[in-house]
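Here the structure comes first, spelled out in structure tokens, and everything after it is commentary.
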Amino acid sequence: MSRRAERVSELLRKELSMVLATEVHDPRLSALVSITRVGVSDDLRHANVYVSIMGASEEKRSGMKVLKDAAGFMHRALKPRLDIRYVPELSFHLDESIEAGNRTLRIMDSLDSSNEPSQ
């Protein structure tokens with residue numbers, strides 16, 4: 002990824018987080034949603050937005066549907082915020098790496114506690 006693409010990715014991540022927090026008011030999006038990373042194509046026309054949604058699988062499914070349905074709205078909301086010629090087309094993907102990391106830490110903690118010598 003070029004330096005410009007990296008800068009645009011980081012800018013998109015910050016601005017999308019703001020749009021999500023302040024302008025997307027959908028009751029189906031009740032779970033905690035975090036934008037973990039954004040990857041843009043070399044021509045800056047397409048962006049893959051990776052989100053982490055904390056909650057049950059039904060909340061994740063519902064949250065992803067809301068985000069995909071609101072992609073056009075968020076694209077339009079980004080236009081006045083970004084000083085670039087083309088705002089990339091947004092494509093949302095569920096990122097479960099945070100939850101996988103939490104599961105790994107819980108397993109490690111349980112192994113640690115079972116290996117402690119009793120006094």
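Okay, so the sequence shown: first residue is 2 according to the numbering used here, each after it adds one. Note that beta-carbon positions come from the ideal geometry of N, C-alpha and C, so glycine has one too.
Secondary structure of residue i, DSSP reduced to three states
i	result
G64	helix
V9	helix
E90	strand
I36	strand
V25	coil
L17	helix
Beta strand (DSSP E) segment containing residue i, residue limits
i	result
M55	H47 to M55
Euclidean distance between Cα positions of residue i and residue j
i	j	result
Y51	D96	5 angstroms
S63	S115	38 angstroms
F74	A6	23 angstroms
H94	T105	22 angstroms
Beta-carbon proximity of residue i to residue j, cut-off 7 angstroms
i	j	result
E11	A78	no
V88	H76	yes
E90	H47	yes
L122	V39	This structure cannot settle anything about residue 122, because the visible part of the chain is limited to 2 through 120.
G56	A32	yes
S53	I85	no
V20	V41	no
Contact test: residue i Cβ vs the ligand FAD heavy atom, cutoff 6 angstroms
i	result
P89	The ligand FAD is absent from the structure shown, which contains no ligands of any kind.
Limits of the alpha helix (DSSP H) - the one that residue i falls within
i	result
E100	S98 to N116
A190	Any property of residue 190 remains undetermined from this structure, which presents the chain solely from 2 to 120.
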